[in-house]
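*Asks:* The structure that follows is given in the form of structure tokens.
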């Protein structure tokens, strides 16, 4: 079992980095689409670790080690889903705050 700080890091990899990357690449993505895409990428990288490719690249490059990891860890799949859910919540909340702040046409305006 991984220590709690490492699990928190795993969650933030998805919620912070992967989801942010999706939002930057596709700014109009809905929160659900962004979270699902981040989860799919994270799971893809995790399952890629079942092959020798990430381990070999990690031996050659520190960057590859950070991005790809080297060892498959099944509990990470659950924690990636937790991170995607957290990212969805943040993205949804940010969208609703931004929407309220901007206001809809005709709402909250004096005539």
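Residue numbers (my numbering): 1 to 111. For each residue, glycine too, the CB sits at the ideal point set by N, CA and C. Computed from a predicted model, the values in this text were never measured in an experiment.
1) Buried or exposed: where does residue 58 fall if 16 or more other Cβ atoms within 10 Å of its Cβ makes it buried?
2) If you pair each beta-carbon of the stretch 69-82 with each one of the stretch 44-51, do three or more pairs fall below 8 Å?
3) Could you say if the stretch 5-13 and the stretch 22-33 meet the contact criterion of at least three C-beta pairs nearer than 8 Å?
4) Using only the alpha-carbon positions, how far apart do residue 44 and residue 68 sit?
5) Near residue 81, what residues of its chain come up, given a Cβ to Cβ distance below 7 Å and the 5 sequence neighbours on each side ignored?
6) In chain order, what residues of the same chain have a beta carbon less than 6 Å from the beta carbon of residue 18, not counting five sequence neighbours either side?
7) Counting only runs of 4+ residues fully inside the stretch 45-75, write out the alpha helix (DSSP H) ranges in chain order.
*Replies:* Taking the definition as stated:
1) buried
2) yes
3) no
4) Distance between the alpha carbons of residue 44 and residue 68: 10 Å.
5) 39
6) 38, 41, 42
7) 53-60, 62-68
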